[in-house]
Amino acid sequence: MKPLSKIEELLALFDDSDLIKRYHKFEETINGDKELLKRLAQMKALQRQLVNAKAIHKKNAIEQFQNEYDVMRHDIENNPLVETYLDLQNELNDILIEVKEIIETEINKELSKYNFVSEK
């Protein structure tokens with residue numbers, strides 16, 4: 028089997044997985060929630076203000092923006108939709124890291140047959 032077809036097979040497995048389908052469903056729901064998107068935009072604006080305040084060393088502004096940002100982030104992250112979405116995202120990331128490590132191990136095994144050594 029060609030390497031490209033193996034990659035396509037792996038991608039198809041991911042696309043067909045229930046985990047990916049649930050992740051996409053939550054992503055669509057979050058992207059359709061205008062109030063949540065508005066709060067995310069406000070949080071990003073606060074983050075920019077915080078970065079600017081840090082750049083010009085405005086201590087009082089830094090504290091104010093950091094406190095506002097922390098409260099808003101906590102509220103958003105505790106939204107049940109966002110919480111589930113982030114949990115799914117972490118689970119997918121863990122799987123992808125594991126797949127990457129398996130691929131690297133197999134490639135290194137093959138390379139070692141030819142006296143090539145990975146720089147990892």
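When we follow the working numbering, the leftmost residue of the sequence shown carries the number 28, and every step to the right adds one.
C-beta atoms are modelled at their ideal positions from N, C-alpha and C, and glycine is treated no differently.
Keep in mind that this is a model prediction, so the values were computed, not measured.
- [ ] Assuming Thr112 and Glu54 form a contact by the criterion Cβ under 8 Å, report the distance between their Cβ atoms to the nearest whole angstrom.
- [x] Here residue 112 turns out to be Tyr, not Thr, going by the sequence shown. The pair is a contact, with the Cβ atoms about 7 Å apart (cut-off 8 Å).
Open item on the list: Check for me: the alpha helix (DSSP H) holding His51 runs from which residue to which?
Closed with: Asp45 to Asn58
- [ ] Scan the segment 86-142 and note each continuous alpha helix (DSSP H) run of 4 residues or more that stays entirely inside, going in chain order.
- [x] 86-104 and 107-139
Open item on the list: For Arg100 and Gln74, what's the separation of their Cα atoms in angstroms?
Closed with: 10 Å
Task: Distance, Thr132 Cα to Lys81 Cα - done: 43 Å
TODO: Check whether the Cβ atoms of Gln93 and Leu77 sit closer than 8 Å, and answer yes or no.
DONE: yes
Task: Nearest to Leu67 (by Cα), restricted to the options Val109, Ile124 and Ile47 - done: Val109
Task: Between the CA atoms of Val98 and Lys219 - distance to the nearest angstrom - done: Any question about residue 219 goes unanswered here, given that the chain covers just 28 to 147.
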